[in-house]
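Quick note: the sequence shown uses this note's numbering, first residue 199, plus one each step.
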Amino acid sequence: NIGVVGENRENSLMEYMKFQGDLTFVFQREVMLDFPFPVIPGECFVPELYIWNLIGDQGDILYFPTKSIYLCEYLADGYSANFAANFQRNPQGFLLFYVTQIHREQQWLGKGKCLVRCLQCLLRLGFKGVSQ
């Protein structure tokens, strides 16, 4: 890996999921071009982790648990604060993510949460025409 500094640790996707808090991913442009975000008519959002998981499925992701590379401030109207609105406006994008996430979860509780989200997406898709 050209330009990578740091200690190479166990690099499985499941291993990095043991970290608490926010993580920053940095990918080479070519890798991102190989894994474009899906385009879903009428929607504008698919959770980023959907793509990061696809990339991780292709090989190791290096991570550096003792190195900070990004400091940020949360915006009052940012992604986390608007999760419910994004979820409502983009049910197909979230469904795509949660369906693929079910098998990635190691605990039954995590699988169950993903299943509930899938059902919420399906319900939203069923009622989408009524609410608009």
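Note that the Cβ used here is the ideal one computed from N, Cα and C, for glycine as well.
It should be emphasised that the depicted structure is a prediction, and the values quoted were computed from it without experimental measurement.
GLY254 carries a helical assignment under DSSP once its states are collapsed to helix, strand and coil. GLU246 places its beta carbon 9 Å or farther from that of PRO289.
In the DSSP assignment, PHE225 falls outside any alpha helix (DSSP H), carrying neither H nor E. Sorting ILE253, LEU231, VAL244 and PRO236 by C-alpha distance to the C-alpha of PHE223 places ILE253 at the top. Straight-line spacing of the CA atoms in GLY324 and GLN299 works out to 22 Å. Contact annotation, VAL244 with GLY291: C-beta distance approximately 4 Å; criterion of less than 8 Å satisfied. Per DSSP, reduced to three states, the secondary structure at GLY276 is coil, with no helix or strand assignment.
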